[in-house]
Amino acid sequence: MDYRKSVAPVTTVTRNLDLMTQGTGNIYETVIVVSRRSNQISVEMKQELNKKLEEFASYTDNLEEVFENREQIEISKFYERLPKPTLIALQELEEGKIFYRNPETVAKPK
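Converting from the sequence shown to this note's numbering requires adding 629 to each position, the first position being numbered 1.
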């Protein structure tokens with residue numbers, strides 16, 4: 630997923646609990662769904678950031694040799710300005726982009 634194009638708000642906003650719990654019928658289950666999706670997004674974002682920063686890695690550093698790489702700083706700042714994974718997950722839930730199922734509520738064959 631391209632997180633740069635996310636329309637999720639950057640700050641926390643008030644949400645309607647009735648709309649959030651329509652799919653699950655339970656606020657606690659909704660929180661679990663959002664938190665698991667948030668963790669997935671966080672891992673993906675971190676891997677993407679690490680991949681980009683790996684290009685700037687210098688394996689011959691010593692303690693006396695400290696320098697700033699402008700491109701590396703700009704990439705880090707860009708990722709800091711992105712919406713947090715939890716806000717992206719909440720936006721995905723509102724847009725109906727999250728698929729989830731509860732194995733306890735799925736009918737078991739006899």
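Ideal placement from N, C-alpha and C gives every residue a C-beta, glycine not left out.
**Asked** Any chance the segment 645 to 657 sits against the segment 697 to 705, with 3 or more Cβ pairs inside 8 Å?
**Response** no
**Message:** Can you check which of these residues, R710, F728, T734, E733, is closest to V663 by C-alpha distance?
**Reply:** The count along the sequence shown starts at 1 and reaches residue 663 at position 34. V663 has its Cα closest to that of F728, out of R710, F728, T734, E733.
**Request:** Go ahead and label A686 buried or exposed: buried means 16 or more other beta carbons lie within 10 angstroms of its beta carbon, across all protein chains shown.
**Result:** Taking the first residue of the sequence shown as position 1, residue 686 is located at position 57. It is exposed - the Cβ of A686 has fewer than 16 other Cβ atoms within 10 Å.
**Message:** Between which two residues does the alpha helix (DSSP H) holding Q651 run?
**Reply:** Start at 1 with the first residue of the sequence shown, and residue 651 comes out as number 22. Note, Q651: premise wrong, no alpha helix (DSSP H); not H, not E.
**Item:** 7 Å Cβ shell around P714 - same chain, five flanking residues per side excluded
**Value:** Here residue 714 is taken as the residue at index 85 of the sequence shown, counted from 1. So the list reads S667, I670, S671, M674, once near-sequence residues are dropped.
**Message:** Going by beta-carbon coordinates alone, are E677 and N731 separated by less than 8 Å?
**Reply:** Locating residue 677 in the sequence shown gives position 48, counting from the first residue. Locating residue 731 in the sequence shown gives position 102, counting from the first residue. In this structure, N731 does not lie closer than 8 Å to E677 by Cβ.
**Prompt:** Count the other CB atoms within 10 Å of the CB of L646; is the residue buried (16 or more) or exposed (fewer)?
**Reply:** The sequence position of residue 646 within the sequence shown is 17, counting from 1. Looking at its Cβ environment, which holds fewer than 16 other Cβ atoms inside 10 Å, L646 is exposed.
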